[in-house]
Structures are given as structure tokens and as C-alpha cells.
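Student:
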Amino acid sequence: MSYRDEISSAEARSAAGNQTKESLRVNASHMEPPWLIIFWSTIFGSQPNIELVWKKGECPVPCEVTSNRSRANDSKGFIVHVRDSHMIPPTESVPWILLTQENPVYTPVLTNAKFMSKFKLLESYRLASDFPEPVYSMPKLTSPLPVKEKDGLIMAVFSNCEPVRTEYMRQLMKFVPVDSYGACLKNKNDLVARYSSANGKNFKQLQTELAKKYKFTLVFFNQDCDYFVDDQLSHALDAGSVPVVMGTDKLDEFLPGNLLHSVIKVRDYKNPQHLADYLKYLNNTEAEYNKYLQWKWKGIGDKAGTVIGDYWKPQYPIYCQMCVALSEGRIHKDGLKPITCKARSFEDLGITKGA
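What follows is the structure, encoded as C-alpha cells:
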């Protein structure tokens, strides 16, 4: 996740439930002292701008979140972004909250027991976090293009050429055509560069628009770490382009109800040739292909009792949830446990490098 995305996410998190910053601000003199949380660190070196207040009734406890470090003496908790963790809060007498949207393969400090023990709560992409926050929004029920209007078969947009997923795609291309718009094995030039825009739409909006014309989109996450899912999946599902996913074994936890049969998992196939054969079969069998899109007409279905469902439709915004946890003393008193992840290998995917 880029610093632009993460800062934007940090500033928008407390607006969950269609609440706006202005509607949440109240005069502190008219309420009991709030549970104050300070966003202490920068995010990838850039300062977030957060200044939010909930009065009791909007949140079970009065709650305030700010990025104003001058109020450190009043703070009940400090949020620290993992990539900016050199910015140490001034005291360990109140809990530190670790924020990460990065997996441990690319952020090895998450595997460091001494480092992790300093933090008492975790806000992260992991559904097993104290405050789950995957970069994966609830898929939209917009109608997909009719199959006959999808003139593309498979598209891919990867900016990070992680060796295993790139090699897998190269071998897949030997058996079925793949239009690659990203930096890896690029053979198409019809998509603007990341962070660019065109015709009033940003890169991600343009990517989703493009995907609507493809039957399948390769959604190969940069690692297979537990719970690591990002917005590549959202874009493909929104577009009505069936995601072909290489990633976490926990994927089903992100696919409640009718979404369970909305994706194709790379690991269900022996090797790239077997996967290619199945994709070609679906391409030639419209009824079977359309089964992957039934959720678009039936709806997502039952999300009750699922972590991802609660994240999509929270009872309270995530920062409010933090204040409640702090007020109730629900912290890891001995600190967080390390987060580990084995980097994927060629053997894991049934391929040999250079084959």
C-alpha cells in the first residue's frame, strides 16, 4: 500500500458509517473528558491530518483522535505506523498501538519479538487483529458487462515484479494470452501510470473500468501471508471480472455468503498449464463462467458473524473502537506477538524458474 493510500485511509477511517468530520466535532467543554488517542508517527514520512471527536452517544465513551503531538501529556494511547516506528512516543506508561498494512516479508520488523512487545494493540490488514482494517472494501453489486461484450480474456496489472508471481504469469502466458498493463511482462500500454489520472479518473478507477472488458483478472498478491489481501481483489470484483487469485490460505474469510464462489484460486491447480486449461474451458462455456458472477445478481448474502462483514458495516468507527478498548483495559499487557510469514517459493506454485 502506498503512502498516499495509507494517509488517505488514516484520515478517512473515522468517517465510517457515513459520518463526516464536521458532524463529529463537538465542543469539548460540553462533555466529560474524552479518551484521547494521538496519531504519533508520520506515515511513510508524511504527516497525517487527523482531528476528530465523538461525544458519548456517538461512541460508547467520549473519544478524541488527533495528530497534534503537543497534547501528549493527556493521551491515553499512541498510534505508530510500522514504517515510521523510529518516531517513538514519549512514554510507555500508556499503550502504544501499532498500525501496519504491510506484510512481514516486506516489513521484517514485524517478526521481531522485542519490537512487537512494545505495542499493546494492533490495527492491521489481518482479520485476527484487535482492529482489522484490510485494504479491501465491500464489493459493489454493479451489473457486469454481458459476456459477449467482454472482448478481453485475461488482464494483469502488477507494479512490483515479485519473482514467483512474475514467473508464474510468464509460464501462464505460454498457454493462454494475458494482457499485462503493469511493469511486469508488460505487453499493453493502454493504462495510465500509477498515481496518474486521465479524463477526471484516477489510476484505480481507470483500472476498474478497463477490467470490465475482461473475463478474468490476475489478482496475484505480492506474498501469501495470512490475511494479506489488498484492493486488487476489490477492483476485479467491482468490475465483474472474475479474479484469479494467488495469495493467502485465509482468502475464504474475505468472501462471505455468495462471494465464496466468486474467485478462482491458483493453488487449486497443479501448474500454470492446468490453470490455463480451466480458464479456456470457462471462456468457451458461458453457463459455467457466469456461475462466478451470480453474486452480482443474488447479492453478497449473509455476512452475519464474519469479521469482514463487521469491518464493512461497523457498529462504531475504528477509532471509537480503540477508545472503548482502552477504557475497558482490553490490551495485550505483555505486548504483541511477532507476525511471521514464509516468502512464497517456485515449488509452492508447482513451477520451475525459467521452465
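Counting from 1, position 137 in the sequence shown corresponds to residue 137 in full-length UniProt numbering; the numbering is continuous, with no gaps.
Using N, Cα and C, we set each Cβ at its ideal position, and we do this for glycine too.
Within 10 angstroms of the Cβ of Thr-248, are there 16 or more other Cβ atoms? Answer buried if so, exposed if not.
Tutor: By the 10 Å Cβ count, Thr-248 comes out buried.
Student: For Phe-131, tell me which candidate among Arg-83, Cys-323, Ser-345 and Leu-349 has the shortest Cα-Cα distance.
Tutor: Selected option, being the one with the closest Cα: Cys-323.
Student: In whole angstroms, give me the CA-to-CA distance for Pro-338 and Gln-101.
Tutor: C-alpha separation (whole angstroms): 15 angstroms.
Student: Scan the region 83–161 and note each continuous alpha helix (DSSP H) run of 4 residues or more that stays entirely inside, going in chain order.
Tutor: Runs of the alpha helix (DSSP H) inside the region 83–161: 113–116.
Student: What are the start and end residues of the beta strand (DSSP E) that includes Leu-36?
Tutor: Leu-36 -> beta strand (DSSP E) spans 35–39.
Student: So the beta strand (DSSP E) Val-53 belongs to, where does it begin and stop?
Tutor: Note, Val-53: beta strand (DSSP E), 51–54.
Student: Less than 7 angstroms between the C-beta atoms of Val-65 and Ser-41, yes or no?
Tutor: For Val-65 and Ser-41, no; Cβs fall outside 7 angstroms.
Student: Less than 7 angstroms between the C-beta atoms of Phe-78 and Pro-89, yes or no?
Tutor: Against a cut-off of 7 angstroms, the Cβ pair of Pro-89 and Phe-78 comes out as a contact.
Student: For Phe-115, which residues from the same chain have a beta carbon less than 7 angstroms from its beta carbon, with the 5 sequence-adjacent residues on both sides left out?
Tutor: So the qualifying residues of the chain are Val-109.
Student: Kindly indicate which three-state DSSP category Tyr-181 falls into: helix, strand or coil?
Tutor: Residue state, collapsed to three classes: coil.
Student: Below 8 angstroms on the Cβ atoms is my guess for Val-178 versus Glu-253; work out the distance and round it to an integer in Å.
Tutor: About 28 angstroms separates the two Cβ atoms, so there is no contact after all.
Student: Classify Ala-287 as buried or exposed, calling it buried when 16 or more other Cβ atoms lie within 10 Å of its own Cβ.
Tutor: The residue is exposed, with fewer than 16 neighbouring Cβ atoms inside 10 Å.
Student: For Val-244 versus Leu-210, is the C-beta distance shorter than 7 angstroms?
Tutor: The answer is no: Cβ separation not under 7 angstroms.
Student: Cutting at 7 angstroms between CB atoms, please list the residues of its own chain near Leu-172, excluding the five before and the five after it.
Tutor: The answer, listed in chain order, is Val-178, Pro-272, Leu-275 and Ala-276.
Student: Given 8 angstroms as the limit, is there contact between the region 157–168 and the region 338–354, that is, 3 or more CB pairs closer than that?
Tutor: Verdict: yes, contact present.
Student: Return the CA-CA distance between Gln-47 and Leu-121, expressed in angstroms with no decimal places.
Tutor: Rounded to whole angstroms, Gln-47 to Leu-121 spans 21 angstroms at the Cα level.
Student: Quick one: grab the DSSP three-state call for Thr-42.
Tutor: Reduced to three states, the DSSP call for Thr-42 is coil.
Student: Judging by CA-CA distance, which residue of Met-246, Glu-58, Trp-96 and Asp-230 is the nearest neighbour of Asp-268?
Tutor: Of the candidates Met-246, Glu-58, Trp-96 and Asp-230, the one whose C-alpha sits nearest the C-alpha of Asp-268 is Met-246.
Student: What do you reckon, are the CB atoms on Lys-213 and Asp-151 nearer than 7 angstroms?
Tutor: Yes, these two residues count as a Cβ contact at 7 angstroms.
Student: Using DSSP with H/G/I as helix, E/B as strand and the rest coil, what is Tyr-281?
Tutor: Here Tyr-281 sits in helix by DSSP.
Student: Under DSSP, the beta strand (DSSP E) around Tyr-214 begins and ends at which residues?
Tutor: Start and end: 214–220.
Student: Rounding to the nearest angstrom, what Cα-Cα distance links Val-229 and Gln-315 in this structure?
Tutor: Each residue's alpha carbon lies about 23 angstroms from the other.
Student: Name the two residues that bound the continuous beta strand (DSSP E) containing Val-80.
Tutor: Looking at the DSSP string, the run of the beta strand (DSSP E) that includes Val-80 is 77–81.
Student: Go ahead and pull the three-state DSSP assignment for Met-246.
Tutor: Correct three-state label for Met-246: strand.
Student: Who are the near neighbours of Pro-34 in its chain, counting only those whose CB is closer than 6 angstroms to its CB and skipping five residues on each side?
Tutor: So the list reads Pro-62, Cys-63 and Glu-64, once near-sequence residues are dropped.
Student: Would you kindly check if the distance between the Cβ of Lys-280 and the Cβ of Val-176 is under 7 angstroms?
Tutor: Yes; because the gap between Cβ atoms is below 7 angstroms, this pair is in contact.
Student: Hey, Leu-191 and Val-157 are a contact pair by Cβ (cut 8 angstroms); roughly how many whole angstroms apart?
Tutor: Correct: roughly 7 angstroms between the Cβ atoms.
Student: Tell me whether Ile-318 sits in a helix, a strand or coil according to DSSP, three-state version.
Tutor: DSSP places Ile-318 in helix when its eight states are reduced to three.
Student: Indicate the three-state DSSP secondary structure (helix, strand or coil) for Leu-24 in the structure shown.
Tutor: Bear in mind that the predicted position of Leu-24 carries a pLDDT of just 39, short of 50, making it unreliable; the figure below should be weighed with that in mind. Of the three classes helix, strand and coil, the one that applies to Leu-24 here is helix, per DSSP.
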